[in-house]
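Using this note's numbering, read the sequence shown as starting at 1389 and increasing by one per residue.
Built from N, CA and C at the ideal position, the CB exists for glycine as well.
This one's a predicted model, so the numbers in the text were calculated from it and none came from an experiment.
The block underneath contains the structure these notes are about, expressed in structure tokens.
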Amino acid sequence: MAKGLCELLWLKRLLEEIECSSQDTMNLFCDNKAAIAIAHNPVQHDRTKHVEVDRHFIKQKLEDKVIRFPFMKSEDQLADILTKVVSSKIFHNSLDKLGIDDIYAPT
């Protein structure tokens, strides 16, 4: 989550340099409810000791209203077709959403 946040901040700075930026809060869609809860809740958990620095960085950006983490079901994540095994239905739906056409399909 912290790496995705860093990439979003980099993109925001790039857009500011070319004067196309917006002051709106950015969305980093996440399909892990536990990760969203840990990012929002400052309570220390035993399972989060190894992510202490990242958690504070994320929490600071949440409090500054730079970013928010809306939940998105895994089957709605377009990037899943590039990183996970998905059913053919989800695969073809994602291809349609991405605008990718089958070059071998009959016309």
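Inter-stretch contact (C-beta, 8 Å, three-pair minimum) for the stretch 1421-1429 and the stretch 1402-1409: No, the stretch 1421-1429 is not in contact with the stretch 1402-1409.
Cutting at 6 Å between CB atoms, please list the residues of its own chain near Cys1418, excluding the five before and the five after it. If you number the sequence shown from 1, residue 1418 lands on position 30. So the list reads Ile1424, Phe1457, once near-sequence residues are dropped.
Can you confirm whether the stretch 1447-1456 touches the stretch 1391-1406 when touching is taken to mean that 3 or more C-beta pairs between the two stretches lie within less than 8 Å? A contact exists between the stretch 1391-1406 and the stretch 1447-1456.
Report yes if the C-beta distance between Leu1483 and Ile1455 is below 8 Å; otherwise report no. Residue 1483 sits at position 95 when you count from the first residue of the sequence shown. Residue 1455 sits at position 67 when you count from the first residue of the sequence shown. No, these two residues do not count as a Cβ contact at 8 Å.
Using only CA atoms, which one of Ser1476, Ala1467, Val1474 lies nearest to Leu1486? Here residue 1486 is taken as the residue at index 98 of the sequence shown, counted from 1. Ranking the options by Cα distance to Leu1486, first place goes to Ala1467.
Please state the DSSP three-state secondary structure of Ile1406. Taking the first residue of the sequence shown as position 1, residue 1406 is located at position 18. The answer is coil: DSSP assigns Ile1406 none of H, G, I, E or B.
Between which two residues does the alpha helix (DSSP H) harbouring Ala1467 extend? Here residue 1467 refers to the residue found at position 79 of the sequence shown. Neither: Ala1467 is in no alpha helix (DSSP H) and is coded neither H nor E.
C-alpha gap between Phe1445 and Ile1491, whole angstroms: Residue 1445 sits at position 57 when you count from the first residue of the sequence shown. Residue 1491 sits at position 103 when you count from the first residue of the sequence shown. Those two C-alpha atoms are separated by around 44 Å.
Considering just the uninterrupted stretch of the alpha helix (DSSP H) at Leu1486, what are its terminal residues? Mapped onto the sequence shown, residue 1486 falls at position 98. It spans 1476-1486 - the alpha helix (DSSP H) in which Leu1486 sits, taken as one unbroken run.
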